[in-house]
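Here the structure comes first, spelled out in structure tokens, and everything after it is commentary.
Residue numbers (the numbering used here), protein chains in the order written: chain A, 20 to 132; chain B, 4 to 117.
Okay, here's the thing in structure tokens:
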């Protein structure tokens, strides 16, 4: 079936640095990708929707200059957390629309120290 | 706006027990409804779905029926196994044409003891 590979699975970075998270669709073309953030014991919060070749659509309250999303090809979407701070520590998950359904990456645990 | 409310966890059961995880939603019209499961260290996987009222989704012994009158989509399984231990998410997608994003409930952590 359709598989989305997300890397890294975990990352620790220093405050003020930037971190890039990649999601690749391995056996299909992902026209639309979704990026979620999951806080401990809480639900997935949609951050943005990205369509290949166009600018991402951010949800209300999400800083687009802080969470940069690039979807330059049909098999790769990236989320860059710029100038990360401890409050950005979270679990980030990508998802791709596949037909009438969705497939999810395995998530990235970001810890900012 | 659209929202999903799930039964709070964690839920702990013994093997072969009956499982119910409640899910109710708020939405205009007839949204599509989903249950996803997240095993430790893995991404979310679709467990089952229903797209219209009275539809029953089923998979791996799990079932959920789309109840419009009670705006519910409760997940049930007659006899759980240790391997069912995971986090379960109820979700909806708006019926508005072109809508793509999913709205998730808060998730319910299920632990099955042998």
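Even for Gly, the Cβ is constructed at its ideal location relative to N, Cα and C.
Counting C-beta pairs closer than 8 Å gives fewer than three between the stretch 22-33 of chain B and the stretch 92-106 of chain A, which falls short of the contact rule. In the structure shown, residue 106/A adopts helical secondary structure according to DSSP, grouped into three states.
Looking at 104/B, 46/B and 39/B, the one whose alpha-carbon comes closest to that of residue 52/B is 39/B. Within chain B, 104 have C-beta atoms less than 7 Å from the C-beta of residue 65/A, given in sequence order. At a cut-off of 7 Å between beta carbons, residue 43/A makes no contact with chain B.
With its beta carbon less than 7 Å from one in chain B, residue 125/A belongs to the interface.
With its beta carbon less than 7 Å from one in chain B, residue 61/A belongs to the interface. Secondary structure of residue 30/A (DSSP, three-state): strand. Boundaries of the beta strand (DSSP E) harbouring residue 9/B: 6-9, taken from the DSSP string.
At a C-beta separation below 8 Å, residue 86/A has no neighbours in chain B, since its nearest C-beta there lies roughly 16 Å away.
Within the model, the alpha-carbon separation for residue 21/B versus residue 65/B is close to 11 Å. Inter-residue distance for residue 12/B and residue 104/B is about 25 Å (C-alpha atoms, whole angstroms).
The Cβ of residue 110/B sits closer than 7 Å to at least one Cβ of chain A.
For residue 107/B, at least one C-beta of chain A is nearer than 7 Å to its own C-beta.
Under the DSSP definition of a beta bridge, residue 16/B partners with 115/B. Inside the stretch 36-65 of chain B, DSSP marks no whole alpha helix (DSSP H) run of 4 or more residues. For residue 41/A, DSSP records a beta bridge to 26/A and 97/A. Under the Cβ criterion (8 Å, minimum of three pairs), the stretch 82-89 of chain A counts as touching the stretch 48-68 of chain A. In the DSSP assignment, residue 80/B falls within the unbroken beta strand (DSSP E) covering 78-80.
The residue from 53/A, 39/A and 26/A with its alpha-carbon nearest to that of residue 45/B is 26/A. In this structure, the straight-line span from the alpha carbon of residue 34/A to that of residue 59/B is close to 48 Å. For residue 92/A, the uninterrupted beta strand (DSSP E) segment begins and ends at 86-92.
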